[in-house]
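A.B. asks: Each residue of the sequence shown is one higher than the one before, starting from 139 at the first, in the working numbering. Quick one: the structure is below, questions incoming.
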Amino acid sequence: MTEDSRPPGAATAVFNGPDTAEAARVTLRAMLAHVPAPVVGDAVQLMEELVTDATRDGASFRALRLGLAAHPPRLRIDVERDEPDEPCVTAMSPERVEGRFLLEELASTWWSHTLGSISVTRAELALPLPR
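Structure, rendered in structure tokens:
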């Protein structure tokens with residue numbers, strides 16, 4: 139592996155507001171330039187699902203944080219959302235069920251936590267070791 143293709147020791151990017159999707163995709167692809175294309179595709183798909191989920195059930199997107207760590211190599215995606223004043227008590231929609239399956243399939247680990255009116259969902263994606 140050449141010096142230029144080594145992953146950084148750590149990198150973080152933060153996005154706020156509703157119009158962050160394209161900038162986040164471009165940034166994520168740049169952060170993962172050292173990773174095989176199929177893994178980058180999985181990472182983009184995972185990030186897009188988490189951001190989309192942040193606007194379901196009357197909630198609103200608050201922030202997205204992308205973090206890259208080298209030891210062990212992994213991508214961390216944190217999405218914050220503001221919960222609605224009135225909780226949604228309907229059954230999970232087909233889109234949410236599909237999104238949950240996607241999360242389970244692509245993420246190495248994930249969790250979600252709500253404190254007051256803010257929810258945070260974190261997903262981590264293991265990255266291949268540099269050669």
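Glycine included, C-beta positions come from ideal geometry on N, C-alpha and C.
Check whether the Cβ atoms of glutamate 262 and arginine 203 lie closer than 9 Å to each other.
C.D. replies: no
A.B. asks: Apply the 10 Å Cβ neighbour rule to threonine 259 and answer buried if 16 or more other Cβ atoms are within range, or exposed otherwise.
C.D. replies: By the Cβ-count criterion, threonine 259 is buried, with 16 or more other Cβ atoms from all chains shown falling within 10 Å of its own Cβ.
A.B. asks: If you follow the beta strand (DSSP E) that glycine 205 is in, where does it begin and where does it stop?
C.D. replies: 198 to 208
A.B. asks: Count the other CB atoms, across all protein chains shown, that sit within 10 Å of the CB of valine 173; report buried if there are 16 or more and exposed otherwise.
C.D. replies: buried
A.B. asks: Taking 8 Å as the limit between beta carbons, can you name the residues of its chain near threonine 193, skipping five residues before and five after?
C.D. replies: Phe199 and Arg219
A.B. asks: Does any residue of chain D bring its CB to less than 9 Å from the CB of proline 210?
C.D. replies: Protein chain content of the structure displayed is limited to a single chain, and chain D is not contained in it.
A.B. asks: Alpha carbon to alpha carbon, how far is alanine 197 from glycine 179? Give it in angstroms, no decimals.
C.D. replies: 26 Å
A.B. asks: Counting only the same chain and skipping the five closest in sequence on each side, list residues whose C-beta sits under 8 Å from that of valine 182.
C.D. replies: Leaving aside the five residues that flank valine 182 on each side, the residues in its chain whose CB is nearer than 8 Å to its CB run, in chain order, Arg163, Leu166 and Arg167.
A.B. asks: Near valine 189, what residues of its chain come up, given a Cβ to Cβ distance below 7 Å and the 5 sequence neighbours on each side ignored?
C.D. replies: Ala159, Phe199, Leu202 and Val217
A.B. asks: Using the Cβ count rule (16 or more neighbours within 10 Å means buried), how would you classify proline 145?
C.D. replies: Note on proline 145: pLDDT 47, under 50, position unreliable in the model; no value is reported.
A.B. asks: What would DSSP say about threonine 247, mapped onto helix, strand or coil?
C.D. replies: Reduced to three states, the DSSP call for threonine 247 is strand.
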